[in-house]
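In the numbering used here, the protein residues as written are 476 to 625. Virtual Cβ for every residue (Gly too), placed ideally from N, Cα, C. Here the structure is a predicted model, which means the values were calculated and not measured. Structure, as C-alpha coordinates:
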(Lines of atoms letter the chains of each structure in order from A and count residues from 1; the text may use other names and numbers.)
(Lines give C-alpha, C1' and ligand atoms only; values in the text may rest on other atoms or scores of the structure.)
Protein backbone atom coordinates (compact mmCIF):
# COMPACT_ATOMS: atom_id res chain seq x y z
CA UNK A 1 0.00 0.00 0.00
CA UNK A 2 2.74 2.46 0.97
CA UNK A 3 4.64 1.70 -2.23
CA UNK A 4 1.58 2.68 -4.28
CA UNK A 5 1.17 5.88 -2.28
CA UNK A 6 4.87 6.65 -2.77
CA UNK A 7 4.57 6.19 -6.55
CA UNK A 8 1.45 8.37 -6.63
CA UNK A 9 3.20 10.99 -4.50
CA UNK A 10 6.18 10.96 -6.89
CA UNK A 11 4.02 11.20 -10.01
CA UNK A 12 1.71 13.87 -8.60
CA UNK A 13 4.69 16.18 -8.06
CA UNK A 14 4.70 16.77 -11.82
CA UNK A 15 1.04 17.84 -11.73
CA UNK A 16 1.85 20.21 -8.87
CA UNK A 17 4.88 21.64 -10.67
CA UNK A 18 2.99 22.17 -13.95
CA UNK A 19 0.03 23.82 -12.19
CA UNK A 20 2.34 26.00 -10.10
CA UNK A 21 4.32 27.13 -13.15
CA UNK A 22 1.17 27.76 -15.17
CA UNK A 23 -0.42 29.73 -12.33
CA UNK A 24 2.72 31.81 -11.82
CA UNK A 25 3.15 32.59 -15.53
CA UNK A 26 -0.54 33.51 -15.88
CA UNK A 27 -0.41 35.64 -12.72
CA UNK A 28 2.62 37.61 -13.90
CA UNK A 29 1.05 37.90 -17.36
CA UNK A 30 -2.24 39.17 -15.93
CA UNK A 31 -0.45 41.60 -13.65
CA UNK A 32 1.63 43.10 -16.47
CA UNK A 33 -1.17 43.21 -19.05
CA UNK A 34 -3.78 44.68 -16.72
CA UNK A 35 -6.45 42.17 -17.73
CA UNK A 36 -9.31 41.16 -15.46
CA UNK A 37 -8.96 38.33 -12.96
CA UNK A 38 -11.33 35.82 -14.54
CA UNK A 39 -13.02 32.71 -13.20
CA UNK A 40 -10.40 30.70 -15.13
CA UNK A 41 -7.67 32.46 -13.14
CA UNK A 42 -9.50 31.70 -9.91
CA UNK A 43 -10.01 28.05 -10.87
CA UNK A 44 -6.37 27.65 -11.89
CA UNK A 45 -5.31 28.89 -8.47
CA UNK A 46 -7.88 26.66 -6.80
CA UNK A 47 -6.72 23.54 -8.67
CA UNK A 48 -3.13 24.43 -7.82
CA UNK A 49 -4.05 24.66 -4.14
CA UNK A 50 -6.04 21.40 -4.28
CA UNK A 51 -3.09 19.58 -5.87
CA UNK A 52 -0.82 20.95 -3.12
CA UNK A 53 -3.21 19.71 -0.44
CA UNK A 54 -3.57 16.29 -2.05
CA UNK A 55 0.20 16.01 -2.22
CA UNK A 56 0.39 16.99 1.46
CA UNK A 57 -2.12 14.29 2.48
CA UNK A 58 -0.15 11.66 0.54
CA UNK A 59 3.04 12.97 2.13
CA UNK A 60 1.55 12.68 5.62
CA UNK A 61 0.52 9.08 4.87
CA UNK A 62 4.10 8.28 3.86
CA UNK A 63 5.64 10.26 6.71
CA UNK A 64 3.72 8.44 9.41
CA UNK A 65 3.32 5.13 7.56
CA UNK A 66 7.03 4.69 6.86
CA UNK A 67 8.04 5.78 10.35
CA UNK A 68 9.96 8.93 9.41
CA UNK A 69 8.25 10.78 12.25
CA UNK A 70 9.82 8.46 14.85
CA UNK A 71 13.36 9.46 13.84
CA UNK A 72 13.17 13.10 14.90
CA UNK A 73 14.74 12.52 18.32
CA UNK A 74 17.35 10.06 17.06
CA UNK A 75 20.84 11.60 16.86
CA UNK A 76 22.07 8.84 14.53
CA UNK A 77 19.18 9.49 12.14
CA UNK A 78 19.92 13.21 12.13
CA UNK A 79 23.55 12.46 11.22
CA UNK A 80 22.40 10.49 8.16
CA UNK A 81 21.66 12.81 5.22
CA UNK A 82 18.80 10.75 3.76
CA UNK A 83 17.09 10.10 7.10
CA UNK A 84 17.37 13.74 8.16
CA UNK A 85 16.05 14.89 4.80
CA UNK A 86 12.90 12.75 4.93
CA UNK A 87 12.23 12.95 8.67
CA UNK A 88 12.74 16.70 9.01
CA UNK A 89 13.81 18.85 6.04
CA UNK A 90 11.45 17.56 3.34
CA UNK A 91 8.39 17.50 5.59
CA UNK A 92 8.96 20.91 7.19
CA UNK A 93 9.79 22.69 3.92
CA UNK A 94 6.90 21.16 2.01
CA UNK A 95 4.46 21.95 4.82
CA UNK A 96 5.58 25.59 4.73
CA UNK A 97 5.28 25.60 0.91
CA UNK A 98 1.70 24.29 1.07
CA UNK A 99 0.77 26.88 3.70
CA UNK A 100 2.24 29.68 1.54
CA UNK A 101 0.49 28.38 -1.59
CA UNK A 102 -2.80 28.27 0.30
CA UNK A 103 -2.15 31.76 1.62
CA UNK A 104 -1.50 33.00 -1.92
CA UNK A 105 -4.78 31.61 -3.21
CA UNK A 106 -6.74 32.91 -0.21
CA UNK A 107 -5.22 36.40 -0.32
CA UNK A 108 -5.77 36.64 -4.07
CA UNK A 109 -9.39 35.62 -3.65
CA UNK A 110 -9.97 38.34 -1.04
CA UNK A 111 -8.21 41.19 -2.88
CA UNK A 112 -10.34 44.09 -4.09
CA UNK A 113 -8.76 44.80 -7.47
CA UNK A 114 -7.56 42.47 -10.22
CA UNK A 115 -3.93 43.63 -10.26
CA UNK A 116 -3.62 42.87 -6.54
CA UNK A 117 -5.16 39.43 -7.07
CA UNK A 118 -2.58 38.61 -9.73
CA UNK A 119 0.27 40.10 -7.69
CA UNK A 120 -0.59 38.14 -4.56
CA UNK A 121 -0.94 34.92 -6.49
CA UNK A 122 2.34 35.52 -8.34
CA UNK A 123 4.35 36.34 -5.22
CA UNK A 124 3.06 33.62 -2.90
CA UNK A 125 3.00 30.87 -5.53
CA UNK A 126 6.56 31.76 -6.59
CA UNK A 127 7.84 31.56 -3.01
CA UNK A 128 6.00 28.28 -2.57
CA UNK A 129 7.45 26.88 -5.81
CA UNK A 130 11.01 27.81 -4.82
CA UNK A 131 10.56 25.96 -1.52
CA UNK A 132 9.08 22.95 -3.31
CA UNK A 133 11.90 22.79 -5.85
CA UNK A 134 14.50 23.03 -3.08
CA UNK A 135 12.99 20.12 -1.17
CA UNK A 136 12.17 17.54 -3.84
CA UNK A 137 14.48 14.49 -3.64
CA UNK A 138 15.76 14.99 -7.19
CA UNK A 139 17.85 12.10 -8.58
CA UNK A 140 20.74 14.49 -9.33
CA UNK A 141 21.12 15.38 -5.63
CA UNK A 142 23.86 13.55 -3.76
CA UNK A 143 22.44 10.44 -2.12
CA UNK A 144 19.13 10.50 -4.00
CA UNK A 145 20.20 8.80 -7.24
CA UNK A 146 18.01 5.76 -6.50
CA UNK A 147 14.80 7.80 -6.20
CA UNK A 148 14.30 8.41 -9.92
CA UNK A 149 12.24 10.99 -11.75
CA UNK A 150 8.81 9.58 -10.85
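- With at least 16 other beta carbons inside 10 angstroms of its own, residue 524 counts as buried.
- With a cutoff of 7 Å on beta-carbon distance, residue 495 and residue 593 are scored as not near each other.
- The Cβ neighbour count for residue 520, taken over all protein chains shown within 10 Å, is at least 16; the residue is labelled buried.
- One thing to note: residue 596 has its Cβ within 7 Å of the Cβ of residue 502.
- In the three-state reduction of the DSSP assignment, residue 513 falls in the coil class.
- The alpha-carbon of residue 541 is positioned some 8 Å away from that of residue 477.
- A direct Cα-to-Cα measurement between residue 488 and residue 557 gives close to 19 Å.
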